[in-house]
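The sequence shown begins at 9 in this note's numbering and counts up one residue at a time.
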Amino acid sequence: MALITFTTDLGTRDYYLAALKGAIISHCENFVPMVDVTHSVKSFDIREAAFTVRNSFRYFPAGTIHVVHVNSTDGGGKLLLAVVEGHYFLTFDNGFLSLAFGKTPHETYQINEELLEGHSLLFEAAIGQVINLLLTEYKPGDFAQLTTEARSFRLLQPITSKGSIKGTITYIDNYGNAISNITRQMFDECIGERSFSVMLNVAFTKTISRHYDEVEEGDFVCLFNTAGLLEIAIHKGQANNLLGMRQESVVLITAD
């Protein structure tokens, strides 16, 4: 059975989300289960949306249609459909796809203009029509054209060398945990089994834990999270506030 997921910056206070979902239901010939990933992406923040989608979409079955409705105002009036690992991603031409997947996916389509005629700022009718076409076994090439001109951005990458990794914080989660762009693979390749130091703002540690509760409540802890990324946290506290961590704060790991 097909699924539709939503990752948006529309919030839940206004009518925008209801209008989007209502348009999809109205245009779809059959009922399709809908899953809310989040509607709390910071306004216009495609980097936060990319982080969320990149680390969640594989938990859904192939064939899922992921609606990413974030920062529609920078989309240039274009609606894009990308196919990645058997999943569909319906979004705007605002650079989201390049941030979510490292580069714009090879199989990225621009929806034909006739489907966009008379669209509102939410694109709700066009999104509903595209979803219905996918659910009725049309192929993307039947209503869209492959494009190589989608807007593209590059993610900030860690600087690595033997014995050293300089990364940055890319995401602050709901608990105030600061998540970096340093991966477990980078750590294994650059640091390995050697003793090391992790330095960031006012915090310093020589230990990477496996669980939050390996330290006392209120203590600083570093660990690799379920996405395989180095996370800086305060056990049952807010690391972003207590340690002054923000997006693009520097995290440095050096072998001793």
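Here a beta-carbon is modelled for each residue, glycine too, at the ideal position from N, C-alpha and C.
Beta-ladder partner(s) of residue i, from DSSP
i	result
Y179	I187
M42	I12
A271	Any question about residue 271 goes unanswered here, given that the chain covers just 9 to 264.
Rounded C-alpha distance that separates residue i from residue j
i	j	result
V45	T13	6 Å
F28	G19	According to the sequence displayed, residue 28 carries Leu and not Phe. Near 12 Å, if we compare the C-alpha coordinates of G19 and L28.
G30	F59	27 Å
K50	T16	9 Å
G2	R162	Residue 2 falls outside the range modelled here, since the chain spans only 9 to 264, and no answer is possible.
H35	V78	21 Å
A11	D264	At residue 11 the sequence reads Leu, which differs from the Ala that was named. Roughly 49 Å separates the two Cα atoms.
G245	K170	33 Å
F65	H74	8 Å
E222	Y179	23 Å
L143	S172	49 Å
Near the ligand ATP: residue i beta-carbon under 6 Å from a heavy atom
i	result
G236	Among the components of this structure there are no ligands whatsoever, and the ligand ATP is therefore not found.
Residue interval of the alpha helix (DSSP H) (run including residue i)
i	result
Y24	24-35
I199	Here I199 belongs to no alpha helix (DSSP H), and DSSP marks it neither H nor E.
E239	Element bounds for E239: not the alpha helix (DSSP H) but the beta strand (DSSP E), 237-242.
A70	Careful: A70 lies outside any alpha helix (DSSP H) and carries neither H nor E.
Assumed close pair residue i, residue j - CB separation to whole angstroms, cut-off 8 Å
i	j	result
S257	I177	4 Å
I119	L89	6 Å
L260	K147	Going by Cβ atoms, the distance from L260 to K147 rounds to 48 Å, so no, they are not a contact pair.
F239	N248	What sits at residue 239 in the sequence shown is Glu, not Phe. About 12 Å separates the two Cβ atoms, so there is no contact after all.
V92	P69	The pair is not a contact, with the Cβ atoms about 14 Å apart (cut-off 8 Å).
Secondary structure of residue i, DSSP reduced to three states
i	result
Q118	strand
M194	helix
L260	strand
G84	coil
V61	helix
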